[in-house]
Amino acid sequence: MKLLYIIRHAKSSWDYPELSDHERPLIEKGRKRTRKVIEYLKKQAARPDFIISSSALRARETADLIAEGLGIDKDLVKTDPSLYHTDANQIFTQFADLSDRFQEVMIVGHNPAFTNFSNLFLVPPIDWLPTSAVVCLEFETDKWEEIEHAEFKVKFVIFPKLIGEV
Numbered sequence: 797m798k799l800l801y802i803i804r805h806a807k808s809s810w811d812y813p814e815l816s817d818h819e820r821p822l823i824e825k826g827r828k829r830t831r832k833v834i835e836y837l838k839k840q841a842a843r844p845d846f847i848i849s850s851s852a853l854r855a856r857e858t859a860d861l862i863a864e865g866l867g868i869d870k871d872l873v874k875t876d877p878s879l880y881h882t883d884a885n886q887i888f889t890q891f892a893d894l895s896d897r898f899q900e901v902m903i904v905g906h907n908p909a910f911t912n913f914s915n916l917f918l919v920p921p922i923d924w925l926p927t928s929a930v931v932c933l934e935f936e937t938d939k940w941e942e943i944e945h946a947e948f949k950v951k952f953v954i955f956p957k958l959i960g961e962v
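Next up, the structure:
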């Protein structure tokens with residue numbers, strides 16, 4: 797079995813027009829919402845072996861916040877620029893060379909790709925994956941490269957608003 801957590805980055809700031817989209821930081825509201833999600837993940841006994849994050853600052857900050865909150869070594873957080881501008885099918889390439897010794901993996905990135913990727917597994921589909929949302933999938937395989945075609949089940953879908961507004 798392999799567990800995959802699909803996470804959209806936390807809410808970020810539009811207050812700095814001089815910054816590129818890639819360098820927009822998180823805002824405190826985004827951090828607070830993510831801390832609520834971290835508490836939920838702890839109750840679900842989430843223990844990722846590896847985290848793959850988009851290279852955008854808001855995604856990296858989200859991945860680091862989650863790693864810290866779950867007690868995961870930051871050396872287990874990898875940044876991949878290809879997750880910044882990607883599509884649902886390209887996300888599968890993240891798993892082609894992933895070590896099968898990892899049982900639980902998180903990916904942190906952006907819409908619309910993360911909504912579209914999640915909707916490959918969700919019935920009914922969701923309209924939009926909100927910031928700090930998590931989709932957790934369990935695949936019946938021992939190999940990451942096989943998840944695209946493996947049997948799966950949706951373990952949970954959690955949005956900060958489902959936990960309670962901050």
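With my numbering applied, the sequence shown covers 797 to 962. For each residue, glycine too, the CB sits at the ideal point set by N, CA and C.
Query raised in the report: Short check: CB of F955 to CB of I943, under 7 Å?
Result: no
Query raised in the report: Taking A863 as the reference, which of L879, R831, L933 and S851 has the closest Cα?
Result: R831
Query raised in the report: Which residues in the same chain have their Cβ closer than 6 Å to the Cβ of V953, if we skip the five residues on either side of it in sequence?
Result: V931
Requested in this report: Say whether the region 819-831 touches the region 914-933, bearing in mind that this needs 3 or more beta-carbon pairs closer than 8 Å, one atom from each stretch.
Outcome: yes
Query - Integer-rounded CB distance, given that D845 should sit under 8 Å from V901 - result: Yes, V901 and D845 are in contact; Cβ-Cβ is about 7 Å, under 8 Å.
Query raised in the report: From S809 to L853, what distance separates their C-alpha atoms?
Result: 11 Å
**Report entry** Boundaries of the alpha helix (DSSP H) in which G865 is found, first to last residue
**Finding:** L853 to L866
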